[in-house]
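Have a look at the structure below, then the notes.
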Amino acid sequence: MKTSIFKNQDALAGLLFIGLGALGFAIALGYKFGTTIDMGPGYFPRILSLVLIGFGIVTFLKGLRHCMPVEGGWAWLPLFLLSAALLLFGFLLERLGLVPALAALFFVSARAGHEFKALEVLVLTAVMSVFAAAVFVWGLKLPYALFAWNF
Numbered sequence: 002m003k004t005s006i007f008k009n010q011d012a013l014a015g016l017l018f019i020g021l022g023a024l025g026f027a028i029a030l031g032y033k034f035g036t037t038i039d040m041g042p043g044y045f046p047r048i049l050s051l052v053l054i055g056f057g058i059v060t061f062l063k064g065l066r067h068c069m070p071v072e073g074g075w076a077w078l079p080l081f082l083l084s085a086a087l088l089l090f091g092f093l094l095e096r097l098g099l100v101p102a103l104a105a106l107f108f109v110s111a112r113a114g115h116e117f118k119a120l121e122v123l124v125l126t127a128v129m130s131v132f133a134a135a136v137f138v139w140g141l142k143l144p145y146a147l148f149a150w151n152f
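For what it's worth, this note's numbering labels the leading residue of the sequence shown as 2, then goes sequentially.
This is how it looks when you write it as structure tokens:
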């Protein structure tokens, strides 16, 4: 059974990845690339964009071979909640600190799923907060406050 590319879930996902990767790459062209030894601010976004484009090509080709049709409609509430969680994280990071921003991110994005278990999200938040603090604040010495009350 052949399906149009626009009704093929893997082909659509691949096109989405390719489009987002191309957009990220185009934006990163405005930043200095640098070298592997002396990376500029555009180095990581360009490499990450190329990886995303590569995943998109693989996913698109998989979709052309196996043709999984899209079933059902758009899940608008999860799409809204995931987008809101990312925006909320960015908004709260400077105002409340890394730990509260991560808590908001995990709890709001967990509500987008079919099963929400507050205890599991709480444990995930605690573990990931310690991990993020260890890697970004203590390890890489990035200037993020763990808790900051700057409203």
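Ideal Cβ positions, reconstructed from N, Cα and C, are used throughout, including at glycine.
The structure displayed is predicted, hence computed values, not measured ones.
- Spatial neighbours of Val100 in its own chain (CB-CB distance under 7 Å, excluding positions within 5 residues in sequence) are listed in chain order as Ser130, Leu147, Phe148.
- Here Ile54 has Phe18, Ile19, Gly22, Ala23, Phe26 as same chain residues with Cβ atoms under 8 Å from its own Cβ, once five neighbours each way along the sequence are excluded.
- For the region 70–147, the full-length alpha helix (DSSP H) segments reaching 4 residues or more read 77–97, 99–111, 119–133 along the chain.
- If you look at Pro46, you'll find it in the alpha helix (DSSP H) that goes 44–67.
- Just so you know, the alpha carbons of Pro144 and Thr60 end up roughly 37 Å apart.
- A straight-line Cα-Cα distance of about 36 Å links Ala127 and Ile58.
- Between Thr37 and Arg47, the alpha-carbon positions lie close to 12 Å from each other.
- Beta-bridge analysis with DSSP links Gly35 to Met40.
- Looking at the backbone, the Cα of Pro42 and that of Gly31 are separated by about 10 Å.
- Annotation for Ile28: the continuous alpha helix (DSSP H) segment containing it runs 10–29.
- Taking C-beta atoms under 8 Å as the contact rule, Ala133 and Leu103 qualify, at a distance of about 6 Å.
- In this structure, the straight-line span from the alpha carbon of Pro79 to that of Ala85 is close to 10 Å.
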